[in-house]
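**Q**
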Amino acid sequence: MNTVTAALTIPEFCQANRISRGSFYNLKKAGKAPRLMIVGNRVLISPEANAEWRLAREQEAAEVSA
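For what it's worth, our numbering labels the leading residue of the sequence shown as 1, then goes sequentially.
1) What I want to know is whether the C-beta of residue 44 ends up closer than 7 Å to one or more non-hydrogen atoms of the ligand FAD.
2) To the nearest angstrom, report how far apart residue 50 and residue 13 are at their CA atoms.
3) Beta-carbon within less than 6 Å of residue 35's beta-carbon, same chain only, minus the 5 sequence neighbours each way: which residues are those?
4) Considering only residues of the stretch 18 to 56, which uninterrupted alpha helix (DSSP H) runs meet the minimum length of 4 residues and lie entirely inside it, listed in chain order?
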């Protein structure tokens, strides 16, 4: 059975990942933010983009600590 998870707004993404909005925009400026989709006048982050972003950050942290 497929379950559909709703896309997140930037504030929802920040809350879910326990980062500040300022940190999100710093990541975006550095090219490390998740993929964004524009739907009408809303900016959303898909569940897949969120998962990919988390994996990339985990891999980056592992490389730094190695």
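For every residue, glycine included, the Cβ atom is placed at its ideal position computed from N, Cα and C.
**A** This is what the structure holds:
1) In the structure shown, the ligand FAD is absent, as is every other ligand, since no ligand is present at all.
2) 8 Å
3) 49
4) 21 to 29
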